[in-house]
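Engineer:
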Amino acid sequence: VDSSSRKDWRGGRAASGNIIPSSTGAAKAVTKVIPSLQGKLTGMAFRVPTIDVSVVDLTCKLEKETTYEEICAHIKALSEGKMKGVLGYCDEPLVSTDFESDSRSSIFDAQAGIMLNPSFVKLVAWYDNEWGYSSRVVDLMKMCAAVDAKASA
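In full-length UniProt numbering, the protein residues as written are 1 to 153.
(1) May I have the straight-line CA-CA distance separating residue 89 from residue 136, to the nearest angstrom?
(2) Roughly how far, in whole angstroms, is the beta-carbon of residue 23 from the beta-carbon of residue 44, given that I think they are within contact range, below 8 Å?
(3) Who are the Cβ neighbours of residue 118 in its own chain at under 6 Å, not counting the five residues just before and after it?
(4) Are residue 106 and residue 125 touching if we call contact CB-CB under 7 Å?
(5) Taking all protein chains shown into account, decide if residue 54 is buried (16 or more other Cβ within 10 angstroms of its Cβ) or exposed.
(6) Between residue 110 and residue 72, which are expected to be in contact by the criterion C-beta below 8 Å, what is the C-beta distance as a whole number of angstroms?
(7) Kindly identify the DSSP beta-bridge partner or partners of residue 125.
(8) Is it buried or exposed, residue 138, if we count other Cβ atoms within 10 angstroms and call 16 or more buried?
(9) Taking Cβ positions only, does residue 17 come closer than 7 Å to chain D?
(10) How long is the line joining the alpha carbons of residue 149 and residue 102, rounded to whole angstroms?
(11) So for residue 115, helix, strand or coil by DSSP?
(12) Would you mind giving the Cβ-Cβ distance between residue 50 and residue 96, rounded to the nearest angstrom? I have them listed as a contact below 8 Å.
(13) Which class does residue 28 belong to by DSSP, given the choice of helix, strand or coil?
(14) Suppose the cutoff is 6 Å on Cβ atoms and the five residues either side in sequence are ignored; what does the same chain contact list for residue 38 look like?
(15) Would you tell me roughly how many angstroms separate the C-alpha atoms of residue 18 and residue 146, rounded to the nearest one?
(16) Is residue 22 helix, strand or coil when you go by DSSP?
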């Protein structure tokens, strides 16, 4: 053992030289925002020796059959439309450091996904947890200021 951790034996190991399976509250947080996903979503994390940036690996069983190209086109349209600045779309062979300081909450990686069959797909998205979160907090502050200014007028 590299060091001790009362909370998590694995968490006490050296993070610089290990991939460490860990729990995450992300799936729980998603179900608070989207209650219809309660009981349909779970998740786990791997602590990896990177400076920053994480990746989401989302495996989905779809109700309606589709193609990977249709999924990509839909996500690209969202990233260029109503979710611009929050959702990104990438079809280049990038790695984690390429997403450092990216203000978007999630950047879909079109090259990394896998379509097992027309109703089963794995989607991959990158995010800079600290920078993206901070960007959403700034968005919230701007929205609150606008509401406050409108109420004061």
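By construction, the Cβ of each residue, glycine as well, lies at the ideal position given by its N, Cα and C atoms.
Structural biologist: Inspection of the coordinates gives the following:
(1) Translated into the one-based positions of the sequence shown, residue 89 becomes position 89. Translated into the one-based positions of the sequence shown, residue 136 becomes position 136. Roughly 18 Å between the two C-alpha positions.
(2) The residue given as residue 23 occupies position 23 in the sequence shown. The residue given as residue 44 occupies position 44 in the sequence shown. Rounded, the Cβ-Cβ distance is 7 Å, consistent with contact.
(3) Taking the first residue of the sequence shown as position 1, residue 118 is located at position 118. If we look at residue 118 and ignore the five residues flanking it on each side, its Cβ neighbours are 65.
(4) Here residue 106 refers to the residue found at position 106 of the sequence shown. Here residue 125 refers to the residue found at position 125 of the sequence shown. Against a cut-off of 7 Å, the Cβ pair of residue 125 and residue 106 comes out as a contact.
(5) Numbered from 1 along the sequence shown, position 54 holds the residue referred to as residue 54. Result: buried.
(6) In the sequence shown, residue 110 corresponds to position 110, counting from 1. In the sequence shown, residue 72 corresponds to position 72, counting from 1. Contact holds; Cβ gap of about 5 Å.
(7) For the purposes of this step, residue 125 is identified with residue 125 of the sequence shown, where counting begins at 1. Beta-bridge pairing links residue 125 to 56 and 108.
(8) Numbered from its first residue, the sequence shown carries residue 138 at position 138. Label assigned to residue 138: exposed.
(9) Absent from the structure: chain D. Only one protein chain is present.
(10) Your numbering for residue 149 matches position 149 in the sequence shown. Your numbering for residue 102 matches position 102 in the sequence shown. Approximately 29 Å between the Cα atoms of the pair.
(11) Your numbering for residue 115 matches position 115 in the sequence shown. Note: residue 115 maps to strand in three-state DSSP.
(12) What you label residue 50 is simply residue 50 of the sequence shown in a count that begins at 1. What you label residue 96 is simply residue 96 of the sequence shown in a count that begins at 1. Right, their Cβ atoms sit about 5 Å apart.
(13) Looking up residue 28 in the sequence shown gives position 28. Helix, per DSSP.
(14) Position 38 of the sequence shown, counted from the first residue, corresponds to residue 38. 31.
(15) The residue you call residue 18 lines up with position 18 of the sequence shown. The residue you call residue 146 lines up with position 146 of the sequence shown. Answer to the nearest angstrom: the Cα atoms are 46 Å apart.
(16) Working through the sequence shown from its first residue, we reach residue 22 at position 22. Looking at residue 22 - three-state DSSP - the assignment turns out to be strand.
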